[in-house]
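Report on one structure; see the data block that follows.
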Amino acid sequence: PHPRPHRHTVMTRRSGRTALVHADFTSGNLLVDPATGGLTGVIDWEFAYAGSPLADVGALLRVETDPDFTGAVAGSYAVRAPDVPDDWVEVARALDLVALIELAARPAANPVVDGARALLRTTARTGSLAAGRPAPGGS
7 PHPRPHRHTV MTRRSGRTAL VHADFTSGNL LVDPATGGLT GVIDWEFAYA
57 GSPLADVGAL LRVETDPDFT GAVAGSYAVR APDVPDDWVE VARALDLVAL
107 IELAARPAAN PVVDGARALL RTTARTGSLA AGRPAPGGS
């Protein structure tokens, strides 16, 4: 059994609903139509669980700094998702901490693990879930 459902209970309540969470919702698992830029599919579901959809938003925004991309994600999510809390970006980043800790704890170093470790160190050093990342959309 996957450990995340119990760890996300409190933050899931903050997002107002429970949904199927992909748990690795990153650009490498998204299929995009090159002609339109539209999302055509999501692959790699082996870590899926019931939880807050904000966990997937946190994963998607984890390393993205492009203001056009993050702004589009933030704008689409805020408009389409029901019961979005005012501090939803902060909640998404908090939920993503679980995934970051799990990644950072892996024994074999690779670019993803190294990135998770660096982001966790910055989060700890700054005391901020943003960890120096810009707000979605650059605002």
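Going by our numbering, the sequence shown runs without a break in its numbering and finishes at 145.
C-beta atoms are modelled at their ideal positions from N, C-alpha and C, and glycine is treated no differently.
Values in this document were obtained by computation on a predicted structure and should not be read as measured data.
Here T46 has L37 and D39 as same chain residues with Cβ atoms under 6 Å from its own Cβ, once five neighbours each way along the sequence are excluded. F75 is the residue among A25, F75 and F31 whose C-alpha sits nearest the C-alpha of G43. Using a Cβ distance threshold of 8 Å, A98 and L67 count as a contacting pair. D102 is a Cβ neighbour of A65, given a cutoff of 8 Å. T128: member of the alpha helix (DSSP H) spanning P117 to T132, first to last residue. Within the model, the alpha-carbon separation for T129 versus L135 is close to 6 Å. Setting aside the 5 residues that flank it on each side, L60 is surrounded in the same chain by S21, W94, V97, A98 and L101, each with a C-beta closer than 7 Å to its C-beta; the list follows chain order.
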